[in-house]
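Worksheet: the structure to be examined is printed underneath.
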Amino acid sequence: AVHRREDYRPPAWLVPEVALDLALDPAATRVRARLTVTRNSEASEPLRLDGEGLTPLSISVDGVAVNDWRMEGEQLVIPLAGAAHVIETEVEIAPERNTQLMGLYASGGNLCTQCEAEGFRRITFFPDRPDVLATYRVRMTADKARYPVLLANGDPVASGDNDDGTHWAEWHDPFPKPSYLFALVAGDLACNRGTFTTGSGREVELGIWVRASDLPKTDHALDALKLAMAWDERVYGREYDLDVFNIVAVDDFNFGAMENKGLNIFNSRYILADPDTATDYDYDAIAAVVAHEYFHNWSGNRVTCRDWFQLSLKEGFTVFRDQGFSADQGSAAVKRIEDVRGLRASQFPEDAGPLAHPVRPESYLEISNFYTSTIYNKGAELIRMMATILGPVKFRAGSDLYFDRFDGTAATCEDFVACMEEAGDVDLSRFRLWYSQAGTPRVSASLAHDGGRATLRLAQQVPPTPGQAHKQAMVLPLRIRLFGAETGQPLGPEQLILLDEANQSIVFEGVAERPVLSINRGFSAPVTIESDRTAADLAFLARNDDDPFARYEAMQQLMLDTLVAGAIEGDADHRAVIDAVGDTLDDPALDPAFIAEAVLLPSESFVGDQLSMVDPEAIFRAREALRGDLGRALTDRWRTLYEAHTTTAAYQYTPAAKASRRIRNVALGYIAASGAADAAELAFRQFERADNMTDRQGALATLVNSDSDLREAALDIFYNRYAGNPLVLDKWFQTQALSARADTPAVVAALAEHPDFTLANPNRARSLIGAFAVNQRAFNQADGAGYRFLADQLIALDKLNPQTAAKLLPPLGRWRRFDAARAALMRAELERIVGTAGLSKDLFEQASKSLEG
Ligand code: ARG
Ligand code: ZN
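Counting with UniProt numbering, you get residues 12 to 864 for the letters of the sequence shown.
Structure below.
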């Protein structure tokens with residue numbers, strides 16, 4: 012059934028208190044639930060409890076067994092006469108047979124839960140919706156030898172041993188919470204302990220729980236947690252509220268991590284790190300995800316969502332908060348560049364394709380399909396725009412008001428915007444369109460100069476998206492500055508322009524020299540800018556702009572224009588890009604971390620997004636040609652940089668050391684692109700000498716594109732060195748799936764038969780199938796073998812884990828962007844998926860929507 016936002020009704024019954032008693036066993040876990048329910052409606056509405064795959068073993072009302080209940084589909088319906096009752100139910104579930112990894116499941120010999128969005132109904136009968144807030148008391152009993160550690164939400168209350176070899180523990184969470192935040196863990200786990208004292212003096216015991224052999228890899232996560240706790244106090248005035256905060260890492264997990272109250276559960280890839288196994292990228296991601304889940308304690312848990320259409324209320328805001336945290340740990344400019352690159356890699360294509368939806372969707376079939384880049388990353392951009400419009404002081408006042416007013420409740424996106432409006436004393440009525448209109452706005456900008464006056468003409472247009480043919484003009488905050496073409500100096504201060512009409516002109520007086528336009532500085536609005544700036548103007552901005560993001564952006568636009576010309580015409584003039592890259596490398600004032608980002612070419616898929624029809628081979632050739640020319644024309648610079656950043660000092664995780672590794676690996680890539688005869692040897696030497704995974708994987712990523720014998724040698728060494736380390740084996744699969752070599756499709760097909768490949772583990776499935784499907788050239792080979800491979804894998808995966816299968820489908824939905832032959836091949840695979848018997852609603856929704864329109 013389709014769920015619609017307009018159908019929201021308050022719950023007929025509330026559940027202020029829950030007591031759970033679980034006799035944990037992988038094959039047969041008994042769950043007894045005692046719910047205190049109170050009527051929330053006048054009508055004689057029966058109590059409706061959600062269940063999935065559950066059979067009631069017994070049901071009682073106010074201590075008396077009843078049998079006037081019925082099942083309506085998967086809902087348990089119990090008629091109740093009064094205004095308050097106590098309901099007890101008992102069910103049995105089998106965590107070891109739970110391959111969907113939703114509800115209670117087994118991972119690596121331990122038991123754990125995942126309840127967001129609708130997993131709690133797979134554990135017990137309950138009104139499984141986010142606006143039913145209860146306090147939970149949880150009692151667990153389990154075999155003591157097998158599951159020595161028993162954790163749940165809130166604070167530990169009591170524990171003890173039984174004389175049959177089992178033990179028990181009781182936990183109590185005093186904060187009312189929706190069922191999606193419920194969690195428990197039973198396992199053989201070791202703990203890295205820490206403490207944090209909050210601003211008001213609360214001593215919090217911190218614990219990172221992992222298998223004992225992984226304990227040495229948990230310091231980074233623990234440090235990040237402490238930094239995040241301090242940051243949220245300093246920047247948002249938010250303190251932690253329980254005596255314990257636990258994080259458990261598990262190997263089998265459908266996404267990144269989960270913010271369960273007081274007991275976060277993580278995909279182990281976002282916890283475990285040491286220099287030998289984790290890259291700098293991994294270290295950064297760990298800190299960001301630890302912070303993200305911690306920040307949810309306020310933006311998500313203390314204030315939760317009224318219904319799942321409001322998901323971005325907690326996710327967009329929390330992503331914005333974790334981005335701010337990460338920006339404060341190192342280079343804010345580089346962080347912004349990375350975030351925008353991520354937005355363009357996943358959200359812009361989503362907004363331009365068949366699965367486009369507003370930040371606050373109107374309908375869904377399966378909510379799991381809406382944990383998207385639009386909800387998370389575009390949602391974060393909406394918060395950022397409001398922060399830009401209000402300024403930091405008013406934005407903080409709006410945030411304080413929101414937390415204060417809605418603490419302990421389930422709120423809506425509208426509630427958040429209203430707080431910003433009130434505290435900021437601004438009118439955001441038209442800004443709200445950002446929540447309801449899908450699609451990435453396009454802004455065209457042209458600047459005329461006449462006498463001492465410059466006129467900037469702006470026009471905006473929001474493209475049609477499924478179900479939204481006609482759009483209104485939106486409110487776009489654009490940070491703008493003009494620079495003098497002769498002097499290179501700014502012509503006046505930066506301005507914030509609110510473009511809120513289809514067409515708007517802005518006049519600048521007293522402009523003596525020819526102005527060059529710097530627009531959407533800091534990426535102040537998540538839009539596409541089309542301007543009449545020449546290659547010379549862009550090169551000028553790449554040298555002179557004082558906003559680091561705008562400087563990066565000018566370079567990207569110059570590269571993009573060159574690549575588009577190369578893809579369409581088969582050839583392009585590379586001189587302007589070569590000069591701009593050369594100047595960037597030579598600028599002593601620039602941060603090496605920034606340089607490393609600025610000299611990277613836009614991705615093949617982003618180039619494809621600029622074309623009316625994607626020709627993957629032509630894009631690949633144009634990009635390789637430019638990379639080759641950059642490699643050759645600047646070969647001395649790349650070699651010098653490479654040597655300058657080659658160090659004999661031991662590994663450190665500091666911003667400066669990270670920047671060195673980054674730029675050195677970028678240089679290595681360009682040396683290889685130049686076709687230099689010694690490139691493979693250089694990479695192999697780096698591979699062998701590296702004392703850290705960043706350099707080792709950087710070298711492997713270069714070697715994996717080469718025809719040298721050293722390629723196989725490095726892959727074998729890497730595989731043998733890390734046999735038994737699943738997170739590093741994921742990198743081994745992923746690096747090969749991303750290779751630019753022509754034989755990648757065959758290599759990937761063979762890897763799918765490798766003994767270490769399994770669809771049962773989401774990380775492993777994503778490392779091969781997910782990586783292959785974003786490898787533009789390999790996936791889109793003309794014979795359609797890539798499409799067939801993906802469809803085969805998704806049909807197989809759907810039987811085990813629908814949620815993860817559905818997440819991997821979107822690349823097949825991009826058929827409208829390709830030639831008729833490829834489009835037909837992609838559609839045929841989508842039709843084959845839709846026609847598969849027993850398909851999940853997760854995969855059905857994504858595949859059928861991808862065929863429509
Ligand atoms: N709330 C979690 C987070 O963002 C993610 C939950 C994802 N759930 C899902 N069904 N995909 O931190
Ligand atoms: Zn989140």
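Using N, Cα and C, we set each Cβ at its ideal position, and we do this for glycine too.
- Of all alpha-carbon atoms in 484, 121 and 832, the one lying nearest the alpha-carbon of residue 153 is that of 121.
- Checking the 8 Å criterion, the Cβ of residue 378 is within range of a heavy atom belonging to ligand 1.
- A distance below 6 Å between beta-carbons, with the five flanking residues on each side excluded, links residue 817 to the following residues of its chain, in chain order: 380, 853, 854 and 857.
- The nearest non-hydrogen atom of ligand 1 is less than 8 Å from the C-beta of residue 326.
- Here residue 52 carries a coil assignment [DSSP, helix/strand/coil].
- C-alpha of residue 188 to C-alpha of residue 248: approximately 21 Å in a straight line.
- Within the segment 311-394, the complete alpha helix (DSSP H) runs of at least 4 residues fall at 322-340, 343-353 and 359-362.
- Here residue 500 is exposed, its C-beta having fewer than 16 other C-beta atoms within 10 Å.
- Here residue 511 carries a coil assignment [DSSP, helix/strand/coil].
- As summarised for the segment 783-834, the continuous alpha helix (DSSP H) elements at least 4 residues long and confined to that stretch are 787-790, 796-811 and 813-818, given in chain order.
- In this structure, ligand 1 has a non-hydrogen atom nearer than 8 Å to the beta-carbon of residue 127.
- Here residue 32 is bridged, per DSSP, to 43 and 150.
- Just so you know, the alpha carbons of residue 44 and residue 61 end up roughly 13 Å apart.
- Here the alpha carbons of residue 264 and residue 217 stand approximately 22 Å from one another.
- A distance below 9 Å separates the beta carbons of residue 250 and residue 209.
- Residue environment analysis places residue 204 among the exposed positions, since fewer than 16 neighbouring C-beta atoms fall within 10 angstroms of its C-beta.
- For ligand 1, no non-hydrogen atom lies closer than 8 Å to the CB of residue 171.
- If you draw a straight line from the Cα of residue 147 to the Cα of residue 159, it is about 22 Å long.
- The segment 481-538 is shown to contain whole beta strand (DSSP E) runs of 3 or more residues at 487-495, 506-510, 514-519 and 526-530, in chain order.
- Runs of the beta strand (DSSP E) spanning 3 or more residues and lying entirely within the segment 408-453 occur at 420-422, in chain order.
- Following the DSSP letters along the chain, one finds residue 203 in no alpha helix (DSSP H) but inside the beta strand (DSSP E) bounded by residues 201-208.
- Within the UniProt domain "Aminopeptidase N-like N-terminal" (33-192), the beta strand (DSSP E) runs of at least 3 residues that lie entirely inside it are, in chain order, 40-50, 58-60, 69-72, 81-83, 86-89, 95-104, 114-118, 121-125, 145-154, 160-163, 166-172 and 177-188.
- Taking a C-beta distance under 9 Å as the contact criterion, residue 863 and residue 369 do not qualify as a contact pair.
- As the crow flies, the alpha-carbon of residue 176 is around 8 Å from that of residue 156.
- DSSP, reduced to helix, strand and coil, places residue 308 outside both helices and strands of the structure shown, so it counts as coil.
- When distances are taken from the beta-carbon of residue 385 to the heavy atoms of ligand 2, even the shortest one reaches 8 Å or more.
- Rounded to the nearest angstrom, the Cβ distance from residue 637 to residue 577 is 7 Å, consistent with a contact under 8 Å.
- When DSSP states are grouped into helix, strand and coil, residue 624 belongs to the coil group.
- Boundaries of the beta strand (DSSP E) around residue 258: 255-261.
- Following the DSSP letters along the chain, one finds residue 692 inside the alpha helix (DSSP H) bounded by residues 690-700.
- Between the segment 378-394 and the segment 630-646 there are fewer than three C-beta pairs closer than 8 Å, too few to call the two in contact.
- With respect to the 9 Å criterion, residue 609 and residue 561 are not classified as neighbours on the basis of their beta carbons.
- A distance criterion of 8 Å places the beta-carbon of residue 330 in contact range of ligand 2, judged by its closest non-hydrogen atom.
- Counting along the chain, the unbroken alpha helix (DSSP H) around residue 705 starts and ends at 704-714.
- Taking a 10 Å sphere around the C-beta of residue 656, we find 16 or more other C-beta atoms and assign the residue as buried.
- Note that the segment 390-410 does not touch the segment 226-245; fewer than 3 beta-carbon pairs, one per stretch, sit closer than 8 Å.
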